[in-house]
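Visitor: Quick note, the sequences are listed as chains A and B, same order.
Position 11 of the first sequence, counted from 1, bears residue number 11 in the working numbering, the numbering being contiguous throughout.
Every position in the second sequence, counted from 1, becomes a number in the working numbering once 257 is added.
Where a beta carbon is used, it is the ideal one built from N, C-alpha and C, also for glycine.
Before we start, here is the structure in question, set down as structure tokens.
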Amino acid sequence: MFEGRLLQGSLLKKVLEAIKDLVTDTNFDCSETGIALQAMDSSHVALVSLLLKDTGFDHFRCDRNLALGINLQNMSKMLKCAGNDDIITLKAEDEGDTITFMFESPNQDKISDFEMKLMDIDSEHLGIPDTDYQAIVTMPSAEFQRIVRDLSSIGDTAVIGVTKEGISFSTGGDIGKANIVCRQNTNVDKEEDQTTVEIHEPVSLTFALRYLNSFTKATALSPQVTLSLSKELPIVVEYKIEKMGFLRFYLAPKIEE
Amino acid sequence: KGAQGNIMSFFKKK
Chain A
1 MFEGRLLQGS LLKKVLEAIK DLVTDTNFDC SETGIALQAM DSSHVALVSL LLKDTGFDHF
61 RCDRNLALGI NLQNMSKMLK CAGNDDIITL KAEDEGDTIT FMFESPNQDK ISDFEMKLMD
121 IDSEHLGIPD TDYQAIVTMP SAEFQRIVRD LSSIGDTAVI GVTKEGISFS TGGDIGKANI
181 VCRQNTNVDK EEDQTTVEIH EPVSLTFALR YLNSFTKATA LSPQVTLSLS KELPIVVEYK
241 IEKMGFLRFY LAPKIEE
Chain B
258 KGAQGNIMSF FKKK
């Protein structure tokens, strides 16, 4: 059987909110090392990769590898019934066709069990090679969210450029143009307000703002976001999940015609 | 603006 008890249940709620509009159905791959998920959006432009390590759970048991086929909208409906401070336990039998979500209130005076039907999903896993990216930028996640939202009101695509001075986001549309530059900034008080640029080669790529906007639904998971770029490769937008792992989004660039 | 790339053309199926 599989069982995972997560003291900070709100993390799971936030993960679902971040991916439920991008991916419809996906397998949660459970093994003794944790829970992993890889899924593409329906148009095969973006890919989501989630890792929740066993060590981040208060209790974790997985007797044999299980692929739990889940409709994310339905799972989100179930998790919305959990309080933000609730402890969430996931449970599934090896041969079962359901998953149980147990919610415990912080002072243990309310225990709820929600049972959800699983589905059979033929998953297509893609191999993501280890890549030395030409540019890696870490910046406040709220700042990235704001920039992407602001640019979306002006254009459909954004050119993201990284030089050793910083990262720039540019767009254009019927009403005009916009260009935002965030410079490397490591002498701020709080580490989470820093913008750091690690660069081997300047890089500039064009992406659909609609997808970048969707990724920023993960902002609540982490105060910082890491953007990794290389010429002619998908951008990686990574939100680290404290003590547990990460939520990564890969987005294919626009290609010159 | 360019054509939208497909993620499967960058990462091979396992």
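For A67(A), decide whether its Cβ has a neighbour in chain B, counting only Cβ atoms nearer than 7 Å.
Guide: Locating residue 67(A) in the first sequence gives position 67, counting from the first residue. Output row for A67(A): interface = no.
Visitor: Can you list, in chain order, the residues of its chain whose CB lies under 6 Å from that of L212(A), leaving out five sequence neighbours each side?
Guide: Within the first sequence, the letter at position 212 stands for residue 212(A). Excluding sequence neighbours, L212(A) sits near V148.
Visitor: Is it the case that the Cβ atoms of I111(A) and L68(A) are separated by a distance below 7 Å?
Guide: Looking up residue 111(A) in the first sequence gives position 111. Looking up residue 68(A) in the first sequence gives position 68. Going by C-beta atoms, I111(A) is not nearer than 7 Å to L68(A).
Visitor: Is there at least one Cβ from chain B nearer than 7 Å to E17(A)'s Cβ?
Guide: Here residue 17(A) refers to the residue found at position 17 of the first sequence. No, because no Cβ of chain B sits closer than 7 Å to the Cβ of E17(A).
Visitor: What are the partner residues of R5(A), as DSSP defines its beta bridges?
Guide: As a working mapping, residue 5(A) is identified with position 5 in the first sequence. According to DSSP, which records beta bridges pairwise, R5(A) is partnered with H59(A), T89(A).
Visitor: Mind checking P106(A): buried by the 16 CB within 10 Å criterion, or exposed?
Guide: Numbered from its first residue, the first sequence carries residue 106(A) at position 106. By the 10 Å Cβ count, P106(A) comes out exposed.
Visitor: Along the chain, where does the beta strand (DSSP E) that runs through E198(A) open and close?
Guide: To locate residue 198(A), count along the first sequence from 1; it is residue 198. Run containing E198(A): 196-199, per the beta strand (DSSP E) assignment.
Visitor: Look at K53(A) and G34(A) and say whether their C-beta atoms are less than 7 Å apart.
Guide: For this step, residue 53(A) is matched to residue 53 along the first sequence. For this step, residue 34(A) is matched to residue 34 along the first sequence. In contact: K53(A) and G34(A) (Cβ atoms closer than 7 Å).
Visitor: Can you confirm whether K164(A), when its beta carbon is compared against all beta carbons of chain B, has any partner nearer than 7 Å?
Guide: Stepping through the first sequence from its first residue, residue 164(A) is reached at position 164. Judged by the 7 Å Cβ criterion, K164(A) is not in contact with chain B.
Visitor: In the DSSP output, which residue or residues are listed as bridge partners for K269(B)?
Guide: Walking along the second sequence from the start, residue 269(B) turns up at place 12. Bridge partners of K269(B): G127(A).
Visitor: Could you tell me which of G127(A), M75(A), K80(A) sits nearest to M119(A), measuring between CA atoms?
Guide: On the first sequence, residue 119(A) is found 119 positions in, with the first residue counted as 1. Checking every option, the nearest Cα to that of M119(A) belongs to M75(A).
Visitor: Interface residues of chain B around V45(A) at Cβ under 8 Å?
Guide: Numbered from 1 along the first sequence, position 45 holds the residue referred to as residue 45(A). Within 8 Å Cβ-Cβ: Q261, G262, N263, I264.
Visitor: In chain order, what residues of the same chain lie with their CB nearer than 7 Å to the CB of E201(A), ignoring the 5 residues before and after it?
Guide: Position 201 of the first sequence, counted from the start, is the residue given in the question as residue 201(A). Q134, listed in sequence order.
Visitor: Quick check on S43(A): buried or exposed, where buried means 16 or more other Cβ atoms within 10 Å of its Cβ?
Guide: On the first sequence, residue 43(A) is found 43 positions in, with the first residue counted as 1. S43(A) is exposed by the Cβ-count criterion.
Visitor: What does I154(A) reach in chain B if we use C-beta pairs closer than 7 Å?
Guide: Taking the first sequence and counting its residues from 1, one reaches residue 154(A) at position 154. The contacting residues do not exist; I154(A) stays about 14 Å from chain B at best.
Visitor: Quick check: the Cα distance between L251(A) and Q145(A), rounded to an integer number of angstroms?
Guide: For the purposes of this step, residue 251(A) is identified with residue 251 of the first sequence, where counting begins at 1. For the purposes of this step, residue 145(A) is identified with residue 145 of the first sequence, where counting begins at 1. Linking L251(A) to Q145(A) through their CA atoms gives a straight-line distance of about 16 Å.
Visitor: According to DSSP, what are the bridge partners of C81(A)?
Guide: The residue given as residue 81(A) occupies position 81 in the first sequence. DSSP lists no partner for C81(A).
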